[in-house]
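In my numbering, the protein residues as written are 100 to 210. Everything on this sheet refers to the single structure shown next.
If you want it as structure tokens, here you go:
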């Protein structure tokens, strides 16, 4: 994996197995993956660049559609599994990082 991915595996690992992810996606009774989150994650897979802004421009919908779908999915996974959270320096939670990696750009922003 490239060095510029964030969070790095040695910095944060939610500890969720591939089998657990498959169960979360396919088990509609758990309500972890909603229709909106399935759309958002399908767009991530197809996107040239997968920032929420980039996906909004490429696939339509508002930037917050993607942001909320990913963030809320991470929040539901955390509630279900009590997995560790990746915290910001001010100790607030990053639920998106349960589901996704970001990439640090040369200007220091996350993509």
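Ideal Cβ placement from N, Cα and C applies to all residues, glycine included.
Status (buried if at least 16 other CB within 10 Å, exposed otherwise) for residue i
i           : result
residue 191 : exposed
residue 117 : exposed
residue 122 : exposed
residue 149 : buried
Limits of the unbroken alpha helix (DSSP H) element including residue i
i           : result
residue 167 : 162-180
residue 146 : Segment: none, residue 146 is in no alpha helix (DSSP H) and carries neither H nor E.
Where residue i sits in the DSSP three-state scheme
i           : result
residue 116 : coil
residue 192 : strand
C-beta neighbour in chain C for residue i, strict 7 Å
i           : result
residue 175 : Among the chains in the structure shown there is no chain C, since it carries only a single protein chain.
Pair within 7 Å by beta-carbon distance, residue i and residue j
i           : j           : result
residue 165 : residue 139 : yes
Taking contact to mean at least 3 C-beta pairs separated by less than 8 Å, is the region 185-201 in contact with the region 105-117? Touching, yes.
Sufficient close CB pairs (3 or more, under 8 Å) joining the region 160-167 to the region 180-189: Verdict: no, contact absent.
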